[in-house]
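One structure below.
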Amino acid sequence: MIPPAANAAFVAAMEDVLEVYTRPHDPARPLVCLDETSKQLVAETRAPVPMRPGRPARHDYEYERNGTANLFMLFAPLEGWRHVKVTERRTAVDYAHVLKDVSDTHFKDAEKIVLVQDNLNTHSPASLYEAFPPAEARRLVERFEWHYTPKHGSWLDMAESELAVLSAQCLNRRIADRQTLEQEVAAWLSRRNAKHAKADWRFTTAAARIKLKSLSGDFRLDCRVF
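Sequential numbering from 22 applies to the sequence shown in the numbering used here.
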């Protein structure tokens, strides 16, 4: 979704993220995009009919709701790496522990981690202070370079695109419980990371200033300079 009227705040945040995406690969400062989604856990009430030649598998329309699970997606597009953490909830504390994993486990040798995420209210340094003592929270805050997609512009977060791949390839079916969900996601991660699948991001600041020029209002830069 794009705001229908001139929106300087949207353009400022968009151009900030697009600048990050043009940076060359730097292992000392890895780019990590974060997003999250939920999955309804659904159990079968009757055994499905398996697939046969010429006939797809069939599932009874009745099912049993079995709660929901939250999935945090971490995507390092220049590394061809992603990780999904399944949690019961999506609280500030859950988010804070995901960032601690990024800092101290997944990218422990990085000088600084360039973090791109949307504007969900829990996606802030304050969440780290809610989860950890001040000294530890401050240490973790300083491990990251913080960047946010604009409001109504979460499509600029590459982790959202990777979640769409996960949904299409793994989550688009009934999954009964969290244990099964974690197993299925782990299998998907193994296959996807083995291919080192990366993002081919082509939307640049120059293109944005042309295609979305109505958003920039009176301060619009003349695109002819590019």
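Where a beta carbon is used, it is the ideal one built from N, C-alpha and C, also for glycine.
#### Entry: Pick from Ala-30, Asn-28, Met-35 and Arg-195 that is closest to Ala-227, judged by C-alpha positions
Distances from the alpha-carbon of Ala-227 to those of Ala-30, Asn-28, Met-35 and Arg-195 put Met-35 closest.
### Query
DSSP three-state call for Glu-132: helix, strand or coil?
Coil.
### Query
Who does Thr-89 pair with in a DSSP beta bridge?
Bridge partners of Thr-89: Gln-61.
### Unbroken stretches of the alpha helix (DSSP H), 4 residues or longer, contained in the region 130-204
Counting only runs of 4 or more residues that sit fully inside the region 130-204, the alpha helix (DSSP H) segments are 146-152, 155-163 and 179-187, in chain order.
### Message
On the CB-based measure, 16 or more other CB atoms within 10 Å of its CB, does Asp-178 come out buried or exposed?
### Response
Buried, by the Cβ-count rule.
#### Entry: Top-ranked residue by Cα proximity to Phe-153, from Ser-211, Val-53, Glu-100 and Tyr-116
Distance check between Phe-153 and each of Ser-211, Val-53, Glu-100 and Tyr-116 places Tyr-116 closest, using alpha-carbon atoms only.
### Message
I need the DSSP call for Trp-222, collapsed to helix, strand or coil.
### Response
Coil, per DSSP.
### Task
Report buried or exposed for Ser-188, applying the criterion of at least 16 other Cβ atoms within 10 angstroms of its Cβ.
Classification of Ser-188: exposed, given that the 10 Å Cβ count is below 16.
### Task
Decide if Val-70 is buried, meaning its Cβ has at least 16 other Cβ atoms within 10 Å, or exposed.
Bear in mind that the predicted position of Val-70 carries a pLDDT of just 48, short of 50, making it unreliable; the figure below should be weighed with that in mind. Taking every protein chain shown into account, the CB of Val-70 has fewer than 16 other CB atoms within 10 angstroms, so this residue is exposed.
### Message
Residues in the same chain with beta-carbon distance under 7 Å from Arg-50, minus the five sequence neighbours each way, listed in chain order, please.
### Response
Around Arg-50: Ala-131, Glu-132, Lys-133 and Val-135.
### Query
Does DSSP put Thr-126 in a helix, in a strand, or in coil?
Residue state, collapsed to three classes: helix.
#### Entry: Rounded Cβ spacing between Ser-124 and Leu-99 (contact assumed at less than 8 Å)
Rounded, the Cβ-Cβ distance is 18 Å, inconsistent with contact.
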